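Have a look at the structure below, then the notes.
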Amino acid sequence: MPSIDLSPVRAQFPALAIKDAGRPAVFFDGPGGTQTPQAVIDAISRYLAYANANRGGAFRTSRDSECILVASHEAMADFLNAASAHEIVFGPNMTTLAFTLSRAIGRELTPGDEIVITRLDHDANRAPWLALQECGAIVREVDFDPADCTLRLDDLAAQLTFRTRLVAVGYASNAVGTINPIAQIAEMAHAAGAWLWVDAVHYAPHAPIDVQRLGCDFLVCSPYKFFGPHAGVAWGRYELLERLRAYKVRPAGDLPPDKFETGTQNHEAQAGVLAAIEYLADLGRTYGAAFASQFPDFGGRRLALKQAMAAIQSYEQPLFERFVAGLWAIPGLSFYGIRDFDRFDQRTPTAAFRLRGHSPQAVAEHLARRGVYVWSGNFYALAVTERLGLEGSGGVVRAGLAHYNTLEEVDYCLACLREMV
Ligand SMILES: Cc1ncc(COP(=O)(O)O)c(C=O)c1O
Numbered sequence: 050m051p052s053i054d055l056s057p058v059r060a061q062f063p064a065l066a067i068k069d070a071g072r073p074a075v076f077f078d079g080p081g082g083t084q085t086p087q088a089v090i091d092a093i094s095r096y097l098a099y100a101n102a103n104r105g106g107a108f109r110t111s112r113d114s115e116c117i118l119v120a121s122h123e124a125m126a127d128f129l130n131a132a133s134a135h136e137i138v139f140g141p142n143m144t145t146l147a148f149t150l151s152r153a154i155g156r157e158l159t160p161g162d163e164i165v166i167t168r169l170d171h172d173a174n175r176a177p178w179l180a181l182q183e184c185g186a187i188v189r190e191v192d193f194d195p196a197d198c199t200l201r202l203d204d205l206a207a208q209l210t211f212r213t214r215l216v217a218v219g220y221a222s223n224a225v226g227t228i229n230p231i232a233q234i235a236e237m238a239h240a241a242g243a244w245l246w247v248d249a250v251h252y253a254p255h256a257p258i259d260v261q262r263l264g265c266d267f268l269v270c271s272p273y274k275f276f277g278p279h280a281g282v283a284w285g286r287y288e289l290l291e292r293l294r295a296y297k298v299r300p301a302g303d304l305p306p307d308k309f310e311t312g313t314q315n316h317e318a319q320a321g322v323l324a325a326i327e328y329l330a331d332l333g334r335t336y337g338a339a340f341a342s343q344f345p346d347f348g349g350r351r352l353a354l355k356q357a358m359a360a361i362q363s364y365e366q367p368l369f370e371r372f373v374a375g376l377w378a379i380p381g382l383s384f385y386g387i388r389d390f391d392r393f394d395q396r397t398p399t400a401a402f403r404l405r406g407h408s409p410q411a412v413a414e415h416l417a418r419r420g421v422y423v424w425s426g427n428f429y430a431l432a433v434t435e436r437l438g439l440e441g442s443g444g445v446v447r448a449g450l451a452h453y454n455t456l457e458e459v460d461y462c463l464a465c466l467r468e469m470v
């Protein structure tokens, strides 16, 4: 049983009341995008109703709009523990931001410079770097161990050379849930003289992020995976963002983040991101006080956010343990990723599995008929399903827990799966 009860927060999410198959829908699709609390929905419509304007005007809605945009950058800086809000770049999604910033990084490279990527990553953290081969960059790949889907750090060490300029790695795998040891990887990358780029899209809804403690140079995430609207956020060390030459129009600002925030941004989404961060901070204040001692260097909203994510982590863990124990007891079920309970701090509550005799798509369809929402396939983590030899046969079923899920939902999903055996 979780040591804290987060079930009261469910009332804040209108989608959790949607009825499907005669009961409230079970959202185990969080790794593809989480549900939003009412406060986020309200903030978006309030922006459109009362502050809808472009930037830089002398009139009231433009000034109000500017305040919201500044506040959303500050909120994300607090969430990630950035040194300043000028290190936060908004964009339409992580993939677009990765292409934007990788192209600017490409301008720093000379032919023969090397970039290291991994087979454990989503394609959005591979394709932008592979595209730099057009500028003469050499891209090397780090393998993972198919037995437990953990990154092979020995292989990472082997791929690093004096020509490595950047290492691109995921904080956690969106397919199999493995959390990578980012602080250790940062040391390895920096020892080789390379920058570290971290894709935190899958990790962000599950645990605290502290870019300063991690020691990375860039980190990207997507607020629609942590209870906000569809948007992407990139963080970079200020001096690096300042140094990179952006692809930009002349009238746009020359300093970060403006030089990377191409065109007119999605202002209403930024209003929603601000509300999502406030939702999490409230959760931290209400349920996370017991975790404060873990974060002695933090105060104010930054502390509340760390408390929130620590509370979420501690709530999700026992739920997930019960889920995987139930999965393993199902005859004919193959499970991918770390299986050792003692190492569950090295994974997110995202389960990847297959059921003998059924395609992953058939399992997802069966669960959908029962009102349980999961994904099947490769989720764009194509290199993972290829490495596991599953790409030709439909990939895996992915069921991911979020802090608004319950033990009762876990048991119901397991019962629905047992019907298929
Ligand atoms: C780990 C990971 N990286 C990157 C992405 C791409 O994010 P976006 O949809 O914001 O481009 C996803 C989306 O599922 C993801 O899970």
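To convert a position in the sequence shown, counted from 1, into this note's numbering, add 49. Ideal placement from N, C-alpha and C gives every residue a C-beta, glycine not left out. Predicted model only: the values in this text are computed from it and were never measured.
Around R286, the same chain offers D266 as residues with beta carbons nearer than 6 angstroms, after the five sequence neighbours per side are excluded. Here the C-alpha atom of G277 lies approximately 18 angstroms from the C-alpha atom of Q356. Near ligand 1, meaning a Cβ closer than 5 angstroms to any of its heavy atoms, lie the following residues in chain order: N142, M143, T144, H171, A173, N223, D248, V250, H251, S271 and G281. The beta carbon of S114 is closer than 8 angstroms to those of Y96, A100, N101, A102, N103, R104 and H316 in its chain, skipping five residues each way along the sequence. V373: member of the alpha helix (DSSP H) spanning G349 to W377, first to last residue. As the crow flies, the alpha-carbon of R72 is around 11 angstroms from that of R418. Under the three-state reduction of DSSP, Y252 is assigned to coil, being neither helix nor strand. Counting C-beta pairs with one atom in each stretch, the segment 342 to 355 and the segment 123 to 134 have three or more that are closer than 8 angstroms, which means they touch. Taking a 10 Å sphere around the C-beta of M358, we find 16 or more other C-beta atoms and assign the residue as buried. Out of A400, R371, L290 and L450, the CA that lies nearest to the CA of R152 is found in L290. For R214, the secondary structure class from DSSP, reduced to helix, strand or coil, is strand. In this structure S121 touches V322 by the C-beta definition: roughly 5 angstroms separates them, less than 8 angstroms. DSSP, reduced to helix, strand and coil, places P73 within a strand of the structure shown. A301 sits in coil when the DSSP states are folded into three classes, being neither helix nor strand.
Per DSSP, reduced to three states, the secondary structure at C116 is helical. At least 9 angstroms separates the beta-carbon of P57 from that of A325. For R447, the uninterrupted beta strand (DSSP E) run begins and ends at V445 to G449, by DSSP.
By the C-beta criterion, the segment 247 to 256 is judged not to be in contact with the segment 298 to 311, since fewer than 3 inter-stretch pairs fall below 8 angstroms. Going by C-alpha positions, P230 is about 11 angstroms away from M237. Going by DSSP, V58 is part of no beta strand (DSSP E) at all; its letter is neither H nor E. Taken through DSSP and simplified to helix, strand or coil, I326 comes out as helix.
Here DSSP, grouped into helix, strand and coil, assigns R396 to strand.
Between the C-alpha atoms of R405 and V445 there is a straight-line separation of about 11 angstroms. Under DSSP, Y385 shares a beta bridge with A401. Collapsing the DSSP output to three states places A64 in a helix. For Y461, the closest C-alpha among the options G185, L416, H452 and T434 is that of L416. The DSSP-derived three-state label of R189 is strand.
CA-to-CA, the gap between A301 and G281 works out to about 20 angstroms. At the C-beta level, L263 and W246 stay beyond 9 angstroms of one another. Taking C-alpha positions only, E435 is separated from M469 by approximately 26 angstroms.
A straight-line Cα-Cα distance of about 17 angstroms links A320 and A283.
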